[in-house]
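Chemist: Submitted below is the structure of interest, expressed as structure tokens.
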Amino acid sequence: MHQLDVHNAFLHGELEEEVYMKLPPGFSHRRPGYACRLQKSLYGLRQASRNWFSKFTSALRNYGFSQSEADHSLFTLQRDKKFLAVLVYVDDMIVVGNSSEDCTSLKRYLDTHFRIKDLGSLKYFLGIEVTRMEKGLFLNQRKYALDIINECGLLGSKPSYFPMEQRHGLSSDSGSPISKPTRYRRLIGRLIYLTITRPELSYSVHILSHIL
Numbered sequence: 001m002h003q004l005d006v007h008n009a010f011l012h013g014e015l016e017e018e019v020y021m022k023l024p025p026g027f028s029h030r031r032p033g034y035a036c037r038l039q040k041s042l043y044g045l046r047q048a049s050r051n052w053f054s055k056f057t058s059a060l061r062n063y064g065f066s067q068s069e070a071d072h073s074l075f076t077l078q079r080d081k082k083f084l085a086v087l088v089y090v091d092d093m094i095v096v097g098n099s100s101e102d103c104t105s106l107k108r109y110l111d112t113h114f115r116i117k118d119l120g121s122l123k124y125f126l127g128i129e130v131t132r133m134e135k136g137l138f139l140n141q142r143k144y145a146l147d148i149i150n151e152c153g154l155l156g157s158k159p160s161y162f163p164m165e166q167r168h169g170l171s172s173d174s175g176s177p178i179s180k181p182t183r184y185r186r187l188i189g190r191l192i193y194l195t196i197t198r199p200e201l202s203y204s205v206h207i208l209s210h211i212l
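Counting in full-length UniProt numbering, the sequence shown runs from 1 upward without gaps.
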């Protein structure tokens, strides 16, 4: 399992529309009233992310990959005994294969189209820590969980053996309205993501998500 990063990913996208911008400081006084027509995508454009992903998808398809219909960020390639998979999130990606030579060839191919940085074996991806063990891979979100606890100001609190009291009495039809609903929704979203490696929290998060 390899982790890669694409340098300036959004700048690789091809513009399909005509986009103009003001002249940058230092040039505007030379050509007053003029504008620049962009030749490539720039960070900040609404379509920059879409254009980058479209170009990246085309590059993988040209290599022989198929895009998953269930998850468009997942690409797979299977020929006889050869298997490769690529998972991409913006400019971060994971490459998995049953042959180190095939993985190396793919990384070289991607580097010719996009300037990539090889981060080595997968250790940390989107808040999930990956540890290799004799029996396989161990996934945890310890740092992610500590960040949530710190955000709530509960770092010094005593741990609980149960995620929620059995007789919680929580209801969306009773009690006072939440004082900071936006923050509450954000925390619920983070807790939902935490259940990836902490499934025992699922029921409690499910109950809390009803009070939005």
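Here a beta-carbon is modelled for each residue, glycine too, at the ideal position from N, C-alpha and C.
Note that the structure is predicted; figures quoted are calculated from it, not measured.
Considering only residues of the same chain and omitting the five flanking positions on each side of histidine 12, which have a CB-CB separation below 7 Å?
Modeler: Cβ within range, chain order: Trp52, Lys55, Phe114.
Chemist: Take the Cβ of aspartate 91 as the centre, count every other Cβ of all protein chains shown within 10 Å, and call the residue buried at 16 or more, exposed below.
Modeler: Aspartate 91 should be labelled buried.
Chemist: Could you pull the start and end residues of the alpha helix (DSSP H) that glycine 189 belongs to?
Modeler: Counting along the chain, the alpha helix (DSSP H) containing glycine 189 begins and ends at 181-194.
Chemist: Name the one or two DSSP bridge partners that serine 121 has.
Modeler: The partner list for serine 121 (beta bridge, DSSP) reads His2.
Chemist: Is lysine 40 near the ligand MG, in the sense that its beta carbon is under 7 Å from a heavy atom of that ligand?
Modeler: Among the ligands in the structure shown, none appear at all, so the ligand MG cannot be discussed.
Chemist: With distances taken from CA atoms, which of Leu77, Arg142, Ser58, Leu42 is nearest alanine 9?
Modeler: Looking at the Cα atoms, Leu42 is the closest of the given residues.
Chemist: Please tell me whether leucine 45 and valine 6 are closer than 8 Å, where the distance is taken between their beta carbons.
Modeler: Cβ distance not < 8 Å, so leucine 45 and valine 6 don't count as in contact.
Chemist: Taking C-beta to C-beta, are leucine 137 and valine 130 nearer than 8 Å?
Modeler: Their beta carbons are under 8 Å apart, which means leucine 137 touches valine 130 by this criterion.
Chemist: Just tell me which of Tyr161, Leu154, Ile211, Arg198 has its CA closest to the CA of serine 176.
Modeler: Checking every option, the nearest Cα to that of serine 176 belongs to Ile211.
Chemist: Once DSSP output is grouped into helix, strand and coil, what is the label at aspartate 92?
Modeler: Looking at aspartate 92 - three-state DSSP - the assignment turns out to be strand.
Chemist: In the structure shown, what three-state DSSP assignment does asparagine 140 receive?
Modeler: DSSP places asparagine 140 in strand when its eight states are reduced to three.
Chemist: Is the separation between the beta-carbon of isoleucine 148 and that of leucine 139 shorter than 8 Å?
Modeler: The answer is no: Cβ separation not under 8 Å.
Chemist: If you drop the 5 nearest sequence neighbours on each side, which residues of the same chain put their C-beta closer than 8 Å to that of serine 73?
Modeler: Leu87, Val88, Tyr89.
Chemist: Using only the alpha-carbon positions, how far apart do glutamate 85 and isoleucine 116 sit?
Modeler: Residue identity check: residue 85 is alanine in the sequence provided, not glutamate. So the alpha carbons of these two residues sit roughly 17 Å apart.
Chemist: Out of Val96, Thr197, Cys36, point me to the one whose CA is closest to leucine 23's CA.
Modeler: With distances taken between Cα atoms, leucine 23 lies closest to Cys36.
Chemist: Among the candidates Phe125, Asp102, Arg183, Tyr34, whose CA atom is the shortest distance from the CA of tyrosine 63?
Modeler: The residue with the shortest Cα to Cα distance from tyrosine 63 is Asp102.
Chemist: Relative to the C-alpha of glutamine 39, which residue among Leu15, Pro25, Pro32 is closest?
Modeler: It is Leu15.
Chemist: Which same chain residues end up closer than 8 Å to serine 66 when comparing Cβ atoms and leaving out the 5 residues on each side of it in sequence?
Modeler: Answer for serine 66: Phe75, Thr76, Leu77, listed in chain order.
Chemist: To the nearest angstrom, how far is it from the Cα of arginine 198 to the Cα of tyrosine 144?
Modeler: If I take the Cα positions, the gap works out to 12 Å.
Chemist: Going by other Cβ atoms of all chains shown within 10 Å of its Cβ, with 16 needed for buried, is leucine 60 buried or exposed?
Modeler: Counting Cβ neighbours within 10 Å, leucine 60 comes out buried, since at least 16 surround it.
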